[in-house]
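Just so you know, we're using our numbering here: the sequence shown kicks off at 141 and counts up by one.
What follows is a single structure, written as structure tokens, with notes after it.
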Amino acid sequence: MTAESSHIASGSLLKNLQTFLELPIIPSPHSIDLSHSAASDYLYRQARAKPHVAELYHENSKLNPHSTLQIPSDTSTLEQVRRWFFETAYRVDEEILIADGSGLRIPYDQLPDWLQGPLNHFSKPSSLTNLLYAADLLVLNDGVLFRVVPELDYLWVERKVENEATLLPELFWRSSPVCLEEYSTMLIVIACPWRYMLIYGPRGYRHTLLDIGRLLGYLQHQCSSSGYPATVHQDFLDTKADEFVQADGVERSVYALLTFSPINADK
């Protein structure tokens, strides 16, 4: 029977990982790992009967000339699908809007000044805007959740967040105490891998991750240039984050949260 040693549990994990960094441990075939951890996955990776779920995805996302899951020979199919998505999703027929329908959307100039510039770039066709094909970008500002609509000059009003003070601190697991003022403005990146997987199969997941990386890099750079450095949160309680934005957690799931320091709060 194998178990993590007590000194690993007490804070010497790094030292032990350095010791076994390139030395996989092959346990006895009669052993049972009672303390499953990322470290044990690493140490025993070459002796497991079943592949790790991450390795399984990696293998299945590889291009293979003998597979039926082939990517298109050019980007025309992707461009057509993306164009259809941008021109139909969240479009509202002006003739059927109710009298106060303007309350369903706001122009960018109603956002804080420092946020208008970075987000306004998505209102025009560009390679940057194309990043919002497999990713949805939501904006939480003063208790209202908005969605950035690609190639349009307004944000769609998703809903008013009634229990913001309760929900937001619960998103961050094992983090320092939350100062709620830091989260009065938050950008939320939601991954929608099937939009790429429709065309690229499992490899579409890679395309989604790369697009999100580019999107986060842009947002961090632009917000920092505006005087509001962003903190990117990659680790949070996924179920609570998905519930917060009303995503199903599979076809649409939160991948990153961007928050801003309270010393830079809009005045």
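Glycine is no exception: its CB is placed at the ideal position from the N, C-alpha and C atoms.
Just so we're clear, the structure is a prediction, and the values are computed from it rather than from any experiment.
{"Item": "Is the separation between the beta-carbon of Y248 and that of S263 shorter than 8 Å?", "Value": "yes"}
{"Item": "Quick check on the DSSP output: what are the complete alpha helix (DSSP H) runs of length 4 or more inside the region 185-249, in order along the chain?", "Value": "193-200 and 216-228"}
{"Item": "If contact is defined by three or more beta carbon pairs under 8 Å, each pair taking one atom from either stretch, is the region 282-291 in contact with the region 213-232?", "Value": "yes"}
{"Item": "How close, in whole Å, do the beta carbons of E310 and K202 come, if the pair is a contact with beta carbons under 8 Å?", "Value": "Contact flag wrong, Cβ pair sits at about 38 Å."}
{"Item": "Are there 16 or more other CB atoms within 10 angstroms of the CB of D388, so buried, or fewer, so exposed?", "Value": "exposed"}
{"Item": "Between the C-alpha atoms of T325 and V297, what's the straight-line distance to the nearest angstrom?", "Value": "15 Å"}
{"Item": "For G344, count the other beta carbons within 10 Å of its own beta carbon; 16 or more makes it buried, fewer makes it exposed. Which is it?", "Value": "buried"}
{"Item": "Quick check on DSSP: helix, strand or coil for V284?", "Value": "strand"}
{"Item": "Using DSSP bridges, identify the partner residues of S393.", "Value": "A331"}
{"Item": "Can you check which of these residues, F384, H198 and T208, is closest to E302 by C-alpha distance?", "Value": "F384"}
{"Item": "Do I339 and Y395 have their C-beta atoms within less than 8 Å of each other?", "Value": "no"}
{"Item": "Does the Cβ-Cβ distance between R287 and L280 come in under 8 Å?", "Value": "no"}
{"Item": "Is it buried or exposed, H176, if we count other Cβ atoms within 10 angstroms and call 16 or more buried?", "Value": "exposed"}
{"Item": "Would you tell me roughly how many angstroms separate the C-alpha atoms of D378 and I246, rounded to the nearest one?", "Value": "29 Å"}
{"Item": "Any idea if P333 is buried or exposed, counting beta-carbon neighbours within 10 angstroms, 16 or more meaning buried?", "Value": "buried"}
{"Item": "Which stretch, first to last residue, makes up the alpha helix (DSSP H) that contains E383?", "Value": "D378 to V385"}
{"Item": "Measure the Cβ-Cβ separation of R354 and L271 and say whether it is below 8 Å.", "Value": "yes"}
{"Item": "For T399, count neighbouring Cβ atoms within 10 angstroms of its own Cβ and tell me buried if that reaches 16, exposed if not.", "Value": "buried"}
{"Item": "When DSSP builds the beta bridges, which residues end up paired with H373?", "Value": "L397"}
{"Item": "Would a C-beta distance cut-off of 8 Å place T348 and Y358 closer than the cut-off?", "Value": "no"}
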